[in-house]
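Visitor: Residue 89 is where the sequence shown starts when you use our numbering, and the numbers rise one by one after that. Glycine included, C-beta positions come from ideal geometry on N, C-alpha and C. Nothing here was measured: the structure is a model prediction, and the numbers come from that model.
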Amino acid sequence: MITRTIQTGCTSDETAYLKMASRSPIEIGDFITIGRDLANQLILPDDSVSLRHARIEKKPKGYLLRDLRSRNGSHLNGTRVLEAIVTDGDRIRLGETELVFSSTIDLPPSLGLSSQNLLWNEQLRRMDSIATSDLPILLIGPSGTGKEVLAQELHRLSARAEGAFVSVNCSALTESLVESELFGHVRGSFTGASSDRKGAFETARGGSLFLDEIGDLPLELQPKLLRALENRQIRPVGSDRTIETDVRILAATHHPLKQKVAEGLFRADLYFRLNVVQNEVPALVDRMEDFESLLYHFARVYRVGFSFEAIQALKRHTWPGNVRELKNVVARAKAYFPNHQVEEIDLPNLVELPKTDDGSTVLAKPTRSLIREIENEMIRARLLANGGNQRRTAVDLGMPKSTLHDRIRTYGINIERLLEEAGIKKP
């Protein structure tokens with residue numbers, strides 16, 4: 089099951105909110121519609137949810153849940169209902185998605201991000217507790233996967249959330265400016281230094297400093313960064329005084345830093361100083377379970393629609409630019425096709441497709457990656473442990489039953505043969 093939390097007030101005078109695991113609180117107002125269609129205020133990328141599934145509306149006596157003639161029905165605390173007043177703690181199930189109605193917004197802090205990919209979601213869950221520490225975190229992953237978004241969420245959950253979040257892109261700075269950007273400078277320290285300037289360490293005092301593309305930091309400046317991290321002191325360019333620092337370091341790179349260390353291009357001591365906690369952010373092609381959720385999110389932001397056939401075709405693209413590329417495709421769709429739904433025939437105008445021998449374009453199927461092989465093994469292992477029971481297996485893996493069905497088909501798992509080969513009799 090995917091668990092979402094609806095946060096609302098219980099009287100007609102209070103403001104109501106929807107809190108989803110991967111979203112900030114959404115104000116309900118007088119009503120909110122829920123379903124798979126992009127026209128809904130709350131979009132659920134769940135195949136078992138109808139296009140317009142249910143509606144929650146404000147009434148004098150509280151909030152009313154109303155089923156909108158959905159094919160699978162709306163369930164309140166396990167009972168199918170057409171209309172019902174919901175109260176604090178009630179569970180609402182639409183298709184395979186569960187929501188919890190709550191009157192309080194003082195829920196435990198959460199990273200605010202989730203995934204339907206088992207391995208990535210498990211990493212995100214662990215990051216909830218890590219975020220509240222003051223440990224340095226190193227984010228590894230391809231460009232465009234959302235490492236800065238994750239860093240911002242880590243800052244939001246930390247004890248430093250009231251402080252500044254300062255981002256420095258180490259690959260965008262010239263070698264002569266990196267030191268000034270990080271540590272600041274005093275007036276007259278170099279040509280053009282007409283006044284004192286605080287660097288990123290000072291600007292982020294009491295908050296978090298995000299060092300993006302840390303793998304591109306010039307080798308000769310790495311000892312100075314290491315010294316600043318170890319001694320918690322910096323010295324502005326041209327100054328003879330040191331300044332105490334107070335920042336939490338979040339760093340990211342698309343480079344394989346261990347390989348750069350082995351090649352002598354990145355200092356080992358700095359690597360180990362940054363790599364206290366490491367999180368590897370997967371490429372989009374390695375978590376295609378989230379593709380529709382991401383597409384719906386961007387489509388809603390840019391107010392553009394995609395046909396079912398167009399969405400299925402896009403899912404066969406390899407997405408070398410990852411989530412950033414997907415966002416750009418949706419933004420481009422808004423610019424190119426502002427007044428009609430995007431169809432499959434429109435896609436060559438939006439995304440760079442590989443070409444066949446005859447010069448035509450085709451959306452290629454992505455290759456199966458190691459992360460999918462691991463997921464395949466996890467599903468097989470839980471099916472064996474549960475004697476082939478798919479419902480219990482779905483609960484163990486934290487995924488909707490419909491998603492498990494899709495995975496079983498995708499990986500070609502024959503449950504009866506799997507149990508037979510393991511010598512397990514199906515109950």
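#1: Grab me the residues of residue 510's own chain with a C-beta within less than 8 Å of its C-beta, minus the 5 sequence neighbours each way, in chain order.
#2: For my contact list, residue 219 and residue 187 are in at a C-beta cut-off of 8 Å; report their separation, rounded to the angstrom.
#3: With the cut-off set at 8 Å, would you say residue 413 and residue 340 are in Cβ contact?
#4: If we count Cβ pairs, one from each stretch, closer than 8 Å, do we get three or more for the segment 400–411 versus the segment 361–380?
#5: Measure from the alpha carbon of residue 144 to the alpha carbon of each residue in 137, 135, 138 and 130, then state which is nearest.
#6: Check each candidate in 142, 265, 298 and 503 and name the one with the smallest Cα separation from residue 278.
#7: Kindly list the residues whose CB is nearer than 7 Å to the CB of residue 314, restricted to its own chain and excluding five residues on each side of it in sequence; keep chain order.
#8: Excluding sequence positions up to five away, which residues of its chain have a Cβ less than 6 Å from the Cβ of residue 363?
#9: Of all the alpha helix (DSSP H) runs that stay within the bounds of the segment 109–176, which reach a length of 4 or more residues?
#10: Which partner residues of residue 298 appear in the DSSP bridge assignment?
#11: Let me check one thing: in DSSP terms, what residues is residue 181 bridge-paired to?
#12: What are the start and end residues of the beta strand (DSSP E) that includes residue 429?
#13: Taking the CB atoms as reference points, tell me whether residue 254 and residue 297 lie closer together than 8 Å.
#14: Relative to the alpha-carbon of residue 299, which residue among 428, 311, 498 and 259 has its alpha-carbon at the smallest distance?
#15: Does the beta-carbon of residue 82 have 16 or more other beta-carbons within 10 angstroms, so that it is buried, or is it exposed?
#16: With residue 521 as the anchor, note down where its beta strand (DSSP E) starts and where it stops.
#17: Quick check on the burial criterion: 16 or more other C-beta atoms within 10 angstroms. Buried or exposed for residue 204?
#18: In terms of alpha-carbon separation, which member of 134, 387 and 435 lies closest to residue 397?
#19: To the nearest angstrom, report how far apart residue 482 and residue 488 are at their CA atoms.
#20: In chain order, which alpha helix (DSSP H) runs of at least 4 residues are fully inside the segment 364–415?
#21: Going by C-alpha to C-alpha distance, which of 367, 372 and 383 sits closest to residue 211?
#22: Roughly how many angstroms separate the alpha carbons of residue 454 and residue 371, rounded to a whole number?
#23: Can you grab the Cα-Cα spacing for the pair residue 109 / residue 167, in whole Å?
#24: I'd like the list of long-range same chain contacts for residue 268, defined as Cβ closer than 6 Å, with 5 residues on each side in sequence excluded.
#25: What does DSSP give as the partner residue(s) for residue 331 in the beta ladder?
#26: Going by the beta-carbon positions, is the gap between residue 411 and residue 382 smaller than 8 Å?
#27: Residues bridged to residue 285 by DSSP?
#28: Helix, strand or coil, according to DSSP, for residue 204 in the structure here?
#29: Could you tell me which of 385, 142 and 348 sits nearest to residue 152, measuring between CA atoms?
#30: I need the DSSP call for residue 505, collapsed to helix, strand or coil.
#31: Starting from the C-beta of residue 388, find all residues in its chain whose C-beta is less than 7 Å away, skip the five residues before and the five after it, and write them out in chain order.
#32: Since residue 335 and residue 272 are thought to touch, with beta carbons under 8 Å apart, how far apart are those beta carbons, to the nearest angstrom?
#33: Return the first residue and the last residue of the alpha helix (DSSP H) that residue 439 is part of.
Guide: Walking through what the data contain:
#1: Locating residue 510 in the sequence shown gives position 422, counting from the first residue. The answer, listed in chain order, is 472.
#2: If you number the sequence shown from 1, residue 219 lands on position 131. If you number the sequence shown from 1, residue 187 lands on position 99. Actually they are not in contact, since the Cβ atoms of residue 219 and residue 187 sit about 25 Å apart, beyond 8 Å.
#3: Mapped onto the sequence shown, residue 413 falls at position 325. Mapped onto the sequence shown, residue 340 falls at position 252. The answer is no: Cβ separation not under 8 Å.
#4: yes
#5: What you label residue 144 is simply residue 56 of the sequence shown in a count that begins at 1. The shortest C-alpha separation from residue 144 is found at 130.
#6: Taking the first residue of the sequence shown as position 1, residue 278 is located at position 190. Cα-wise, what sits closest to residue 278 is 265.
#7: Taking the sequence shown and counting its residues from 1, the one referred to as residue 314 is at position 226. So the qualifying residues of the chain are 355, 357, 358 and 361.
#8: Residue 363 sits at position 275 when you count from the first residue of the sequence shown. Cβ neighbours of residue 363 beyond the five flanking positions: 226.
#9: With a minimum length of 4 residues, no continuous alpha helix (DSSP H) run stays inside the segment 109–176.
#10: For the purposes of this step, residue 298 is taken as residue 210 along the sequence shown, with counting starting at 1. Paired residue(s): 255 and 338.
#11: Numbered from its first residue, the sequence shown carries residue 181 at position 93. DSSP lists 163 and 186 as partners of residue 181.
#12: Translated into the one-based positions of the sequence shown, residue 429 becomes position 341. First-last for residue 429: undefined, no H or E at that position.
#13: The count along the sequence shown starts at 1 and reaches residue 254 at position 166. The count along the sequence shown starts at 1 and reaches residue 297 at position 209. Their beta carbons are under 8 Å apart, which means residue 254 touches residue 297 by this criterion.
#14: Here residue 299 refers to the residue found at position 211 of the sequence shown. Restricting attention to 428, 311, 498 and 259, the CA atom closest to the CA of residue 299 is found in 259.
#15: Outside the shown range of the chain, which is 89 to 515, sits residue 82, and nothing can be said about it.
#16: In this structure the chain extends from 89 to 515, so residue 521 is not present and cannot be described.
#17: As a position in the sequence shown, residue 204 is number 116, starting the count at 1. Label assigned to residue 204: buried.
#18: Taking the sequence shown and counting its residues from 1, the one referred to as residue 397 is at position 309. The option with the nearest alpha carbon to residue 397 is 435.
#19: Numbered from its first residue, the sequence shown carries residue 482 at position 394. Numbered from its first residue, the sequence shown carries residue 488 at position 400. Going from the Cα of residue 482 to the Cα of residue 488 covers about 6 Å.
#20: Listed in chain order, they are 379–390 and 396–402.
#21: Reading the sequence shown from its first residue, position 123 is the one you call residue 211. Taking only the C-alpha atoms, the option nearest residue 211 is 367.
#22: In the sequence shown, residue 454 corresponds to position 366, counting from 1. In the sequence shown, residue 371 corresponds to position 283, counting from 1. Any reading at residue 454 is ruled out, since the residue's pLDDT is 44, under 50, leaving its predicted position unreliable.
#23: Indexing the sequence shown from 1 puts residue 109 at position 21. Indexing the sequence shown from 1 puts residue 167 at position 79. For residue 109, the pLDDT reaches just 47, beneath the cut-off of 50, and the residue's location in the model is therefore unreliable, although a value from the coordinates is still provided. Spanning the two alpha carbons is a distance of roughly 24 Å.
#24: Within the sequence shown, residue 268 is the residue found at index 180, counting from 1. Within the same chain, residue 268 has close Cβ partners 325.
#25: Here residue 331 is taken as the residue at index 243 of the sequence shown, counted from 1. DSSP lists 322 as partners of residue 331.
#26: As a first step, residue 411 is located in the sequence shown; it is residue number 323 there, counting from the start. As a first step, residue 382 is located in the sequence shown; it is residue number 294 there, counting from the start. The answer is yes: Cβ separation under 8 Å.
#27: The count along the sequence shown starts at 1 and reaches residue 285 at position 197. Partner(s): 273.
#28: Position 116 of the sequence shown holds residue 204. Here DSSP, grouped into helix, strand and coil, assigns residue 204 to coil.
#29: Within the sequence shown, residue 152 is the residue found at index 64, counting from 1. Checked all of 385, 142 and 348; the closest Cα to residue 152 is 142.
#30: Sequence index remark: in the sequence shown, residue 505 carries index 417 (1-based). Residue state, collapsed to three classes: helix.
#31: Mapped onto the sequence shown, residue 388 falls at position 300. Closer than 7 Å at the Cβ level, and outside the excluded window around residue 388, lie 126 and 131.
#32: For the purposes of this step, residue 335 is taken as residue 247 along the sequence shown, with counting starting at 1. For the purposes of this step, residue 272 is taken as residue 184 along the sequence shown, with counting starting at 1. With a Cβ gap of about 13 Å, residue 335 and residue 272 do not count as contacting.
#33: The residue labelled residue 439 in the question sits at position 351 within the sequence shown. Segment: none, residue 439 is in no alpha helix (DSSP H) and carries neither H nor E.
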